[in-house]
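Notes follow once the structure below has been shown.
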Amino acid sequence: MNSMKKYLATLVAGLFVAMGLTFIAAPAQASPADGSYAQCQVGTTVQDWTGKDPRDCTTGTYALLENWEVVLQIQPGQRDVWEEIKQGYEAAQAWCSNNSLTCTVVTGIGVALVSPLLISQS
2 MNSMKKYLAT LVAGLFVAMG LTFIAAPAQA SPADGSYAQC QVGTTVQDWT
52 GKDPRDCTTG TYALLENWEV VLQIQPGQRD VWEEIKQGYE AAQAWCSNNS
102 LTCTVVTGIG VALVSPLLIS QS
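Position in the sequence shown (from 1) plus 1 gives the number in this note's numbering.
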């Protein structure tokens, strides 16, 4: 039974690592021509931020757009979003290490619910 518990813990940890990699801040690589790009707005000045690190937009509002619609916006003075994501990931890891079976079930249900949404976006 102990080896099964280790297997499930390893499986869950691997799943969270894979999920965590999708949340790591990566510079947007699209272009304004197709409506998918990033920008940093300081006052009335809007700078194209495509291909740049979002964390470098420290004095303005960072926005990530897809099909000309804002999908992520970070205001100046907000708590560090990237630190929040990191802390959430670490908390999930700690909880899953103490609740491996429940974590596996919840993660499986979550993946089953989200997978159709991700496939339909392709």
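Idealized CB from N, CA, C, for every residue including glycine.
A quick note: this is a predicted structure, and the numbers were derived from the prediction, not measured.
In the DSSP secondary-structure assignment, residue 49 is bridged to 40. In this structure, the alpha-carbon of residue 36 lies about 12 Å from that of residue 72. Straight through space, the alpha carbons of residue 49 and residue 115 are spaced by roughly 31 Å.
Within 10 angstroms of the beta-carbon of residue 120 lie fewer than 16 other beta-carbons, which makes it exposed.
Per DSSP, residue 76 has no beta bridge partner at all. Per DSSP, the beta bridge partners of residue 67 are 70.
DSSP links residue 59 through a beta bridge to no other residue.
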